[in-house]
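Heads up: the sequence shown begins at 862 in the numbering used here, then just goes up one per residue.
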Amino acid sequence: MTDATKTNLLGLTQPELESFFESIGEKRFRAGQVMKWIHHFGVDDFDAMSNIGKALRDKLKACAEIRGPEVVSQDISSDGTRKWVVRVASGSCVETVYIPQGGRGTLCVSSQAGCALDCSFCSTGKQGFNSDLTAAEIIGQVWIANKSFGTVPAKIDRAITNVVMMGMGEPLLNFDNVVAAMNLMMDDLGYGISKRKVTLSTSGVVPMIDKLAQVTDVALALSLHAPNDELRNQLVPINKKYPLDVLLPACRRYIDGLGDKRYLTVEYTLLKGVNDQPEHAAQMIALLKDFPCKINLIPFNPFPFSGYERPSNNAIRRFQDLLHKAGFNVTVRTTRGDDIDAACGQLVGQVQDRTRRSERYIAVRQLSSEAEEPRANNRN
Ligand code: SAH
Ligand code: SF4
């Protein structure tokens, strides 16, 4: 159990930790020392912090703690994919998935337990919203994954080279905690991951995209899924509030603000007979013309009672080819971690549904963070 009287240092950014030390009458530089112990060495015991004197360690033990979410299970797939189920303070469980590929190791992190946005093909959405994760619960997923590799210091022997906020939840609806956690991912005293390798994926919460631009320069991914408003309204209901003609300019502003050679990742889940036809590819080509982007096609991962199907491999290839011929950089996400149910749409969710959709509770949730299979030109 979390001790409410103690400050959890795990989710504090450097300035926050400096203020914390000041508030207990200590020097601000202690923040850097403690951050290294926490994030580089995965330490949660103040007594292990050998460059901190006993008096301060005792003081810290009395008023602070280093506590990640509780690990319910950890599985390792034969293909190297790892999956953790962690329990957060609200009682719900969320998943984190690690996907190694080539020299890369991508960690897919959750930001909320459940999601309120109710996209029609997403099992997380079907479970409803339960809770926002705290900054400690978000960065805690990186902390846990990193520790599992036993690679210390984390910064030097990197198992995790990329983080994608593509787990459960809409990260822009848990803005402050997600931003704090991403800052820790990028901080050299945290995980030292480059801003180009931390990606936030959103379904399109337009005002928050502009707000994001003011506080960070991480990579942005947009869950597009439909090339016109009529279809997108059905698949991604938040489109009714923020339609394509306001969404794409917001993404453009964000990307333009990042400077040279940055691009938007466009995620497009292919649903058989729904959005996978040549006419959709043609609309997409027109919509994204001149937009600095890479397109990532995600073949739909079925879950019970979804009502959708995955297109055939031929249909997926045809769609990819059409975009590719029009000059886009297009990848198709491959499924990984099948044997541990870590692939898209296979993850077992245990969200405690507080919303109206309890009758539709489905114990399978989607999480999307498979490796990508590049079949790209060199547009970017
Ligand atoms: N809420 C954010 C972050 C989730 S990322 C967002 O929507 O962008 C997860 C990605 O997988 C999103 O692009 C999502 O739309 C997609 N997805 C959801 N359910 C899926 C399913 N069953 N099969 C394939 N992709 C799915
Ligand atoms: Fe929420 Fe993203 Fe799923 Fe939509 S696709 S319901 S925004 S998690």
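Virtual Cβ for every residue (Gly too), placed ideally from N, Cα, C.
Bear in mind the structure is a predicted one, so any value in this text is a computation, not a measurement.
What is the DSSP secondary structure of residue i, reduced to helix, strand or coil?
i, result
"Met-1026", "strand"
"Arg-918", "helix"
"Ala-1187", "coil"
"Val-1059", "strand"
"Arg-1197", "coil"
"Glu-879", "helix"
"Leu-1083", "strand"
"Glu-1091", "helix"
"Ala-925", "strand"
"Asn-912", "coil"
"Thr-1192", "strand"
"Asp-1049", "coil"
"Val-1209", "Here Val-1209 scores only 45 on pLDDT, less than 50, and its place in the model should not be relied on; the value that follows carries that caveat. Coil at Val-1209, not helix or strand."
Terminal residues of the continuous beta strand (DSSP E) containing residue i?
i, result
"Lys-944", "943-948"
"Asp-1071", "Taken as a continuous stretch (DSSP letters only), Asp-1071 belongs to no beta strand (DSSP E), being part of the alpha helix (DSSP H) at 1067-1076."
"Pro-1160", "1154-1160"
"Gln-1138", "Where Gln-1138 is concerned, there is no enclosing beta strand (DSSP E), given that its DSSP letter is neither H nor E."
"Glu-956", "954-962"
"Asp-936", "931-937"
"Leu-1125", "1125-1131"
Would you mind reading off the limits of the alpha helix (DSSP H) that contains residue i?
i, result
"Ile-885", "Ile-885 -> no alpha helix (DSSP H), and no H or E assigned at all."
"Ile-1116", "1105-1119"
Could you tell me how far apart the beta carbons of residue i and residue j are, in whole angstroms, since I believe they sit closer than 8 Å?
i, j, result
"Asp-1078", "Lys-1056", "5 Å"
"Pro-1160", "Pro-1172", "7 Å"
"Met-1043", "Val-1059", "5 Å"
"Ala-950", "Lys-867", "About 14 Å separates the two Cβ atoms, so there is no contact after all."
"Cys-1154", "Tyr-1115", "Wrong, their Cβ atoms sit about 12 Å apart, outside the cutoff."
"Glu-1170", "Lys-1122", "With 8 Å as the limit, Glu-1170 and Lys-1122 do not qualify as a contact, their Cβ atoms being about 38 Å apart."
"Asn-1157", "Glu-1128", "5 Å"
"Cys-976", "Met-1029", "7 Å"
"Gln-1144", "Asn-1100", "Not quite, the Cβ-Cβ distance comes to about 14 Å (not below 8 Å), so this is no contact."
"Leu-1035", "Asp-993", "The displayed chain sequence assigns Asn, not Leu, to residue 1035. At roughly 4 Å, the Cβ-Cβ gap stays under 8 Å, so Asn-1035 and Asp-993 are in contact."
"Met-896", "Val-904", "Going by Cβ atoms, the distance from Met-896 to Val-904 rounds to 11 Å, so no, they are not a contact pair."
"Ala-1242", "Tyr-959", "In the structure displayed, the chain extends from 862 to 1241; residue 1242 sits before or after that span and is not available."
"Ile-913", "Leu-871", "Going by Cβ atoms, the distance from Ile-913 to Leu-871 rounds to 17 Å, so no, they are not a contact pair."
Next on the checklist: Threshold first: 4 residues or longer. Then list the alpha helix (DSSP H) segments lying entirely within the region 965-1045, N to C.
Outcome noted: 984-987, 996-1009
Practice task
Give me every residue whose Cβ sits closer than 6 Å to any heavy atom of ligand 2, in chain order.
Solution key: Those satisfying the condition are, in chain order, Cys-976, Leu-978, Asp-979, Cys-980, Cys-983, Thr-985, Gly-986, Gly-1030, Glu-1031, Ser-1064, Ser-1084.
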